[in-house]
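The structure under discussion appears below in the form of structure tokens.
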DNA sequence: CGAAAGGCTCTTTTT
DNA sequence: GAGCCTTTCG
């Protein structure tokens, strides 16, 4: 691509951000201001115009998705040379550095990476060993405190020097123990990936020099989300050339509870006084109305640098405020309004997104979508790699690769049941601790000594034989090893015998598919690569965006996305803003930013919905409208109360009062043919349960579902 | 040892 | 209302 093409599609501010290549640079990028374009074009400019080698450029993101998208766009711009760039998440880049250089600090290059669930389990063990009551000291709170310490680069020793409260005293004791357990298991948690890399660079000048010399240019996306450790890391990396370009938007900082620290943006200007600052304020995404409403809300924040966002886009339609009595009504409105948008405004389902503060809100929505038969995809929910069956199989693989991985052993030692229960496990742990060996070694010793009851000793011996046999099979490809493992261990049989066994077995098959992508590599390497990938990936790639479905998503997850139409449900005090933020002004400002992020996702249509009554956690609650709605100038709003106009969305079956009984055959617009299983009267309506030939069994509302009675035998 | 039953808690969750 | 943990019983 010639130089002109790199710069021509850019506005003056964007162009400045791309052309100023030397020295530190801070780009403050409003929503929809072409941030990704600036980053990718800057990289292209560095290579094509400035002659920088791709090998010498690093671009860091937070999510795998962002990294993948950036990689794709760079490949479009640069072709195959893009492959030599370092593009990845903080954690993936650190993991790679630690695997190749970590031995300098005594790290096994095959260290396991423990995720949040694993961490929690290790913390529970730490509590137990420290003789502390998990009821009194909640493991999640400790996990959070330890993670906070690590994010601030505090090792247990450093932490102990600054403990002030009793709680911190406890944290320190657990943190020490926790770190010890990780070390014995030759495992790192996510925070360690960052912390250890920073320490590696700090204590090993040769390694640091190597990387500092390599990375002449460094770019960081979503800089407002970095924590202290991440900022320290990029400062180390940029230590030699100081060509560091960070891009972010303080108004979209919504992860302070993950220890993202807005002060990094302020520190940046202090640490690099020569830094160039560019503001991207032109918005290419939203209508004037939407942008103004968003600005009205965010401008109420006190701790903030003012920005003047503007757009050349049309004024567009007002922001819709919709008030309903119940969340069922709210959900029904969303569904029927989307139907209307699709029919009258020529939008597709995939152009619409419904956003909410807490996952629990998704259920009411899902029910309406299912009843109406409207296609939707729920983002989040139970993530693939967090499913029990996936974690079990991965634990087997991890243990096979590294017998010192105590946590993985604990996870699967009695799955499926082998008669090795709590008591035996406790004795194993005790023995491992006193003899200073791994659990697996303790298990082998105990099996050999035959001091325990023969039945137990036999179980232990059998398990150890299984693992040894599997460990000997590492010349198999990861997929084949997985096959052998689920057969030999009896895991397949076990999982299929359980509730939802088929579905869970399907998940294991899906994992095997992922594993088979590594069949080309030499087996040992392939297993490492596979485990590395699944450790650092939180989900299988979300179904490709081509499928025409409505998106259901939390406000947090929506950051970085855009949709023609956005519905934000639960615009109520207690939900958004969440009640936990009521007594902390800083948290309240973050809630406001969350609302801002939601609204600025929209291109054309915004709906803010509130319900008078809402049932959450079983009991019904009454919430006043969200304070954020009052911040929007009234002239931008169109408000309607559902109870004034129409309480019910237009019924599909109007006119031809459909009467159904169990046994009737029906046709549904989306689900096809099915048989009515049951009819239950509900408030002024009927709930029909239909077993569809293809789509499975669904609950539908008679008045809403596009159902037609058909003759049996179709 | 393992299944079943009661009691407690419940925000967001990039890696 | 559900999931997780602990307790209890066979």
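Residue numbers (my numbering): 1130 to 1843. Built from N, CA and C at the ideal position, the CB exists for glycine as well.
Secondary structure of residue i, DSSP reduced to three states
i	result
residue 1785	Annotation note: pLDDT 46 at residue 1785 (below 50); position unreliable, coordinate value reported separately. In this structure, residue 1785 counts as coil in the three-state DSSP scheme.
residue 1358	helix
residue 1179	coil
residue 1245	helix
residue 1827	strand
residue 1266	coil
residue 1293	coil
residue 1738	strand
residue 1251	helix
residue 1283	coil
residue 1877	Because the chain is modelled from 1130 through 1843, residue 1877 falls outside the range shown and cannot be assessed.
residue 1430	coil
residue 1651	coil
residue 1352	helix
residue 1139	coil
residue 1218	strand
residue 1509	coil
residue 1704	strand
residue 1544	coil
residue 1150	coil
residue 1405	strand
residue 1714	helix
residue 1775	For residue 1775, the predicted model reports a pLDDT of 47, less than 50, meaning its position is unreliable; a value from the coordinates is still stated below. Coil at residue 1775, not helix or strand.
residue 1272	helix
Host alpha helix (DSSP H) of residue i (start-end)
i	result
residue 1372	Segment: none, residue 1372 is in no alpha helix (DSSP H) and carries neither H nor E.
residue 1685	1684 to 1687
residue 1321	1319 to 1332
residue 1499	1491 to 1501
residue 1516	Segment: none, residue 1516 is in no alpha helix (DSSP H) and carries neither H nor E.
residue 1389	Note, residue 1389: premise wrong, no alpha helix (DSSP H); not H, not E.
residue 1588	1583 to 1601
Nearest-angstrom Cβ-Cβ length linking residue i and residue j, presumed shorter than 8 Å
i	j	result
residue 1621	residue 1599	Contact doesn't hold; Cβ gap of about 14 Å is too wide.
residue 1160	residue 1432	19 Å between Cβ atoms; not a contact.
residue 1500	residue 1737	Residue 1500 to residue 1737, Cβ: 23 Å. No contact.
residue 1530	residue 1239	7 Å
residue 1704	residue 1752	7 Å
residue 1684	residue 1486	6 Å
residue 1573	residue 1588	Wrong, their Cβ atoms sit about 13 Å apart, outside the cutoff.
residue 1384	residue 1316	Incorrect: roughly 24 Å between the Cβ atoms, too far for contact.
Residue i vs residue j beta-carbon contact at 8 Å
i	j	result
residue 1494	residue 1538	no
residue 1503	residue 1697	no
residue 1199	residue 1165	yes
residue 1397	residue 1280	no
residue 1256	residue 1268	yes
residue 1118	residue 1167	Residue 1118 lies beyond the range of the chain shown here (1130 to 1843); nothing can be said about it.
residue 1341	residue 1743	no
residue 1196	residue 1665	no
residue 1382	residue 1353	yes
residue 1155	residue 1361	no
residue 1248	residue 1325	no
residue 1730	residue 1681	no
residue 1412	residue 1355	no
In DSSP terms, what residue i is bridged to
i	result
residue 1288	Per DSSP, none; premise fails for residue 1288.
residue 1731	1692
residue 1304	According to DSSP, residue 1304 bridges with nothing at all.
residue 1439	1411
residue 1483	1681 and 1696
residue 1838	1795
residue 1170	Its beta-bridge partners do not exist; DSSP assigns none.
residue 1743	1750
residue 1722	The partner list for residue 1722 (beta bridge, DSSP) is empty, contrary to what the question assumes.
residue 1808	1817
residue 1347	1187 and 1373
residue 1316	1241
The beta strand (DSSP E) enclosing residue i, as first and last residue numbers
i	result
residue 1449	1448 to 1453
residue 1154	1154 to 1158
residue 1188	1186 to 1190
residue 1770	1766 to 1770
residue 1610	That residue, residue 1610, is in no beta strand (DSSP E); its alpha helix (DSSP H) goes 1607 to 1617.
Any non-hydrogen atom of the ligand ADP within 7 Å of residue i CB
i	result
residue 1588	The model depicted lacks the ligand ADP and carries no ligand whatsoever.
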